[in-house]
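2 protein chains.
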Amino acid sequence: MACTVAVDAMGGDRAPSEVVLGSVQAARAHPDDLRLLLVGKPDCLEAELRAVEWKGANVEIVPAHEVIGMGDSPIVALRKKKGSSIEIAMNLVRDGRADAVISAGNTGACVAAGTIRLGLLPEVRRAGIAVIFTPGPQPVVAIDVGANINAKPEQLLQYGIMASLYARKIIGVESPRVGLLNIGEEVEKGTSLAKATNALFTESALNYAGNIEGVDIFRGGCDVAVCEGFLGNVVLKVSEGLAECLLRLFKEGAERVVRELAASQEDGVSEQAVAKVQQALTGALAGLLGKVDYSEFGGAPLLGVNGVVIIAHGRSDAKAIANAIHVSQRMAEADLNRHITEEIRAFSGQKEAS
Amino acid sequence: MACTVAVDAMGGDRAPSEVVLGSVQAARAHPDDLRLLLVGKPDCLEAELRAVEWKGANVEIVPAHEVIGMGDSPIVALRKKKGSSIEIAMNLVRDGRADAVISAGNTGACVAAGTIRLGLLPEVRRAGIAVIFTPGPQPVVAIDVGANINAKPEQLLQYGIMASLYARKIIGVESPRVGLLNIGEEVEKGTSLAKATNALFTESALNYAGNIEGVDIFRGGCDVAVCEGFLGNVVLKVSEGLAECLLRLFKEGAERVVRELAASQEDGVSEQAVAKVQQALTGALAGLLGKVDYSEFGGAPLLGVNGVVIIAHGRSDAKAIANAIHVSQRMAEADLNRHITEEIRAFSGQKEAS
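Chains as they are written, first to last, in our numbering: chain A, 1 to 354; chain B, 355 to 708.
This is how it looks when you write it as structure tokens:
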């Protein structure tokens with residue numbers, strides 16, 4: 001079965017060129033089962049396609065004449081810029097012309113357009129953005145990182161259910177352990193929201209690991225970390241900043257090591273040895289970068305909307321776009337939303353029966 | 355002028371041995387201007403002192419027969435365990451027998467004992483814990499990381515004032531830029547607490563840098579980052595977990611480089627060269643570790659209480675304890691609390707006049 005993915009080709013810091021390039025790469029990698037609809041200004045996208053070797057790639061342009069900028073206020077922009085690329089892309093899924101959407105554009109506009117155009121899945125209260133933290137011993141799905149900054153306990157429980165299914169169906173974790181991000185393990189810890197949410201999770205049929213602390217995300221303490229969107233967004237950006245900072249320090253350290261070695265060649269360190277060290281350190285750095293690189297995640301799924309939506313990082317390059325497209329294809333093929341609907345229903349039934 | 359510091363010798367994962375060792379090291383480093391009161395079980399502390407070379411170090415034991423454990427509920431423990439080491443240490447400052455307290459024990463008990471025994475400075479609404487983030491281009495004082503999880507805008511403004519003075523008087527930043535940790539720069543971003551606090555900071559006479567995002571802490575975007583205690587505590591522990599995780603990955607990468615080099619000696623890489631690379635990488639790793647090592651910070655000041663209180667990390671070793679003692683000495687000598695009192699008064703005056 002061929003999967004059709006609508007790509008918001010105008011969204012992102014490096015759109016449209018990197019988005020178009022990544023789309024063509026993704027389409028080439030799946031010639032038999034992937035079709036892409038590039039949504040955006042036709043002239044502009046045609047020019048971008050001409051610039052890359054796109055012949056034979058299964059891509060098609062769908063016109064959209066407006067673009068919502070990264071700095072635009074989502075609600076205002078959606079109202080004023082009718083027919084924007086993100087809106088048209090969502091409509092393609094709503095109308096059954098595409099199986100999934102990906103966008104590296106304005107996150108708030110993606111959430112709003114997804115929620116308004118696609119609607120929520122039955123009984124789902126709020127959509128949530130999930131991201132995958134990869135530096136620890138295994139990947140951890142963190143939800144919500146910014147879709148909903150006024151979350152209620154019931155909404156957080158639904159986030160746990162949805163992210164748990166994502167971990168099972170897309171990442172392949174058999175029985176994901178769900179933790180609630182808090183300031184201590186004890187039940188009396190945290191804000192009133194955290195306490196009420198912990199009680200709700202404890203009563204639920206989820207594989208609940210209890211309250212977790214920030215360190216546990218990186219120590220294998222859980223497979224899913226639930227938090228409200230304000231906290232999740234700050235945590236995501238703090239992690240991004242710290243990782244960026246430590247990698248720069250590591251790179252500087254490695255360069256210093258190579259310089260010192262090169263300067264001490266009279267002490268029996270050959271030029272060949274210096275080249276070898278340089279190569280090995282470059283390899284080690286690339287491996288590390290891969291552990292924290294957002295472009296490897298394949299973007300952040302917006303869970304809870306009635307359609308597959310992936311929000312890619314604003315700075316996405318072609319590789320990140322291609323990975324986001326592949327993840328959206330996997331989500332569509334795994335029929336994740338059907339599983340979410342069934343599970344959310346089962347949990348509501350349980351609640352009513354109890 | 356000699357400074358007297360009361361040390362909660364029973365507090366911390368590695369108490370009393372590392373605490374006693376660190377205290378003796380600190381006292382030896384400042385033979386003329388530092389006197390330490392080790393608070394705890396006399397038999398136990400005498401044995402610890404005998405085990406280290408303490409002759410000539412200006413330390414004295416002050417008996418306390420109870421110990422509040424790391425897992426104890428702070429309020430319950432303070433009520434049931436009368437005369438605990440942390441309580442006696444606070445009393446020494448209250449009674450003018452010591453100029454500062456340091457403890458690596460139960461954080462909640464430190465905050466509660468500090469607030470109850472010492473009281474708050476005039477007009478200060480709530481005490482806040484500040485920590486110093488060091489990986490970025492310059493240190494950043496983050497406040498509050500867990501003393502107060504139901505903060506109000508006025509309390510957050512006072513945190514900004516107090517941490518700003520800490521940055522000026524203790525770290526030496528001339529005019530600290532204060533940022534409010536939020537999910538975007540725009541004034542309409544964030545929770546209702548964030549919006550109200552941003553408005554209050556904007557009107558204030560602080561050098562306010564506006565809303566900041568998590569990445570800014572590590573990119574030189576501010577000198578002080580203000581947030582409420584739940585958020586700050588999670589951010590602190592996420593940073594700790596991520597740094598620990600990335601450093602382990604760096605270390606493994608460096609070891610792999612050395613192993614690969616050693617295995618390829620037939621290719622013209624001498625044993626001497628391998629040894630040199632190993633040494634250089636170990637040095638680079640140590641430098642990196644120093645950038646994220648909590649033991650270098652010298653602990654977290656509890657700002658707003660009527661006395662100098664430093665909360666050291668629960669895992670503190672001797673070096674961390676010695677650094678915490680030195681920072682508490684600097685805070686006492688700089689008369690930080692007098693400056694805080696004056697500044698808080700000036701800000702209230704301003705508000706009343708306006």
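Don't be surprised by glycine CBs; every beta carbon is placed ideally from N, CA and C.
Check the C-beta distance from residue i over to residue j and give it rounded, since I have them as a contact under 8 Å.
| i | j | result |
| --- | --- | --- |
| residue 19 of chain A | residue 5 of chain A | 12 Å between Cβ atoms; not a contact. |
| residue 324 of chain A | residue 131 of chain A | Between residue 131 of chain A and residue 324 of chain A the Cβ distance is about 12 Å, and since that is not below 8 Å, they are no contact. |
| residue 292 of chain A | residue 222 of chain A | Contact flag wrong, Cβ pair sits at about 19 Å. |
| residue 319 of chain B | residue 507 of chain B | Outside the displayed span of chain B (355 to 708) sits residue 319 of chain B, for which this structure offers no information. |
| residue 381 of chain B | residue 418 of chain B | Residue 381 of chain B to residue 418 of chain B, Cβ: 19 Å. No contact. |
| residue 537 of chain B | residue 146 of chain A | 6 Å |
Determine which residues share a DSSP beta bridge with residue i and list them.
| i | result |
| --- | --- |
| residue 63 of chain A | A:40 |
| residue 464 of chain B | Bridge partners of residue 464 of chain B: none, in fact. |
| residue 655 of chain B | B:664 |
| residue 532 of chain B | B:562, B:578 |
| residue 4 of chain A | A:35 |
| residue 369 of chain B | Residue 369 of chain B is not bridged to any residue. |
| residue 143 of chain A | A:130, A:226 |
With a cut-off of 8 Å, does the C-beta of residue i fall near any C-beta of chain A?
| i | result |
| --- | --- |
| residue 701 of chain B | no |
| residue 603 of chain B | yes |
| residue 472 of chain B | no |
| residue 568 of chain B | yes |
| residue 599 of chain B | yes |
| residue 489 of chain B | yes |
| residue 365 of chain B | no |
| residue 405 of chain B | no |
| residue 573 of chain B | yes |
| residue 434 of chain B | no |
| residue 457 of chain B | no |
| residue 610 of chain B | yes |
| residue 500 of chain B | yes |
| residue 484 of chain B | no |
| residue 634 of chain B | yes |
Indicate whether at least one CB of chain B lies closer than 8 Å to the CB of residue i.
| i | result |
| --- | --- |
| residue 234 of chain A | yes |
| residue 111 of chain A | no |
| residue 127 of chain A | no |
| residue 190 of chain A | yes |
| residue 231 of chain A | yes |
| residue 315 of chain A | no |
| residue 203 of chain A | no |
| residue 237 of chain A | yes |
| residue 60 of chain A | no |
| residue 240 of chain A | yes |
| residue 183 of chain A | yes |
Distance, Cα to Cα, residue i vs residue j?
| i | j | result |
| --- | --- | --- |
| residue 144 of chain A | residue 43 of chain A | 37 Å |
| residue 601 of chain B | residue 644 of chain B | 11 Å |
| residue 584 of chain B | residue 490 of chain B | 23 Å |
| residue 558 of chain B | residue 702 of chain B | 10 Å |
| residue 240 of chain A | residue 86 of chain A | 26 Å |
| residue 405 of chain B | residue 208 of chain A | 46 Å |
| residue 524 of chain B | residue 532 of chain B | 16 Å |
| residue 546 of chain B | residue 149 of chain A | 10 Å |
| residue 587 of chain B | residue 667 of chain B | 13 Å |
| residue 83 of chain A | residue 15 of chain A | 18 Å |
| residue 422 of chain B | residue 446 of chain B | 17 Å |
| residue 476 of chain B | residue 453 of chain B | 18 Å |
| residue 287 of chain A | residue 610 of chain B | 12 Å |
| residue 387 of chain B | residue 249 of chain A | 37 Å |
| residue 302 of chain A | residue 128 of chain A | 6 Å |
| residue 327 of chain A | residue 298 of chain A | 6 Å |
| residue 336 of chain A | residue 579 of chain B | 40 Å |
| residue 450 of chain B | residue 365 of chain B | 22 Å |
| residue 379 of chain B | residue 683 of chain B | 14 Å |
| residue 318 of chain B | residue 270 of chain A | Outside the modelled stretch of chain B, which goes from 355 to 708, sits residue 318 of chain B, for which no answer is possible. |
| residue 496 of chain B | residue 509 of chain B | 14 Å |
| residue 639 of chain B | residue 632 of chain B | 11 Å |
| residue 134 of chain A | residue 220 of chain A | 11 Å |
The ligand FAD and residue i: does the residue's C-beta get closer than 7 Å to at least one heavy atom of that ligand?
| i | result |
| --- | --- |
| residue 677 of chain B | The ligand FAD is not part of this structure, which contains no ligands at all. |
* Asked: What are the complete beta strand (DSSP E) segments, minimum 3 residues, inside the region 210–282 of chain A?
  -> 224–226
* Let me know the beta strand (DSSP E) ranges lying completely inside the region 83–140 of chain A, each 3 residues or longer, listed in chain order. => 100–103, 128–133
* To do: Kindly provide the ranges of any beta strand (DSSP E) runs that are 3 or more residues long and lie completely inside the region 316–349 of chain A, ordered along the chain.
  => none
* Between the region 284–306 of chain A and chain D, which residues of the former have CB atoms less than 8 Å from a CB of the latter, in chain order? -> Of the protein chains in the structure, A and B, none is chain D.
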